[in-house]
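In what follows, a structure is listed as structure tokens, so that the remarks can point back to it.
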Amino acid sequence: MSNQQLVNLRIDFAFKQLFGTSGNEDILIAFLNAMLRDSLKSPIVSTFASRT
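Note that full-length UniProt numbering has the sequence shown beginning at 1, numbered continuously upward.
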């Protein structure tokens with residue numbers, strides 16, 4: 001077993017650090033696709049949001 005501590009993502013700061021940091025877009029996309037799987041018509045592939 002590893003001696004590494006896990007980060008509690010239920011803490012707002014930790015959640016924002018992981019999913020909101022530039023360079024972690026792939027983690028954010030995977031998380032959103034997993035959470036929204038049943039309600040999405042197609043998977044999310046980009047974090048770009050257009051204003052339409």
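The beta carbon of each residue, even a glycine, is placed where N, CA and C say it ideally should be.
Check your understanding: In the structure shown, what three-state DSSP assignment does residue 17 receive?
Key -> Three-state result, residue 17: helix.
Review point. Taking DSSP as the reference, what is the three-state secondary structure of residue 38?
Key: Here residue 38 carries a coil assignment [DSSP, helix/strand/coil].
Point to revise | Cβ shell of residue 77 (< 7 angstroms), same chain only, five flanking positions each side left out | key: Because the chain here runs from 1 to 52, residue 77 falls outside it and cannot be looked at.
Review point. From residue 21 to residue 39, what does the alpha carbon distance come to, in whole angstroms?
Key: Approximately 25 angstroms between the Cα atoms of the pair.
Review point. In whole angstroms, what separates the C-alpha of residue 11 from that of residue 17?
Key: Approximately 10 angstroms between the Cα atoms of the pair.
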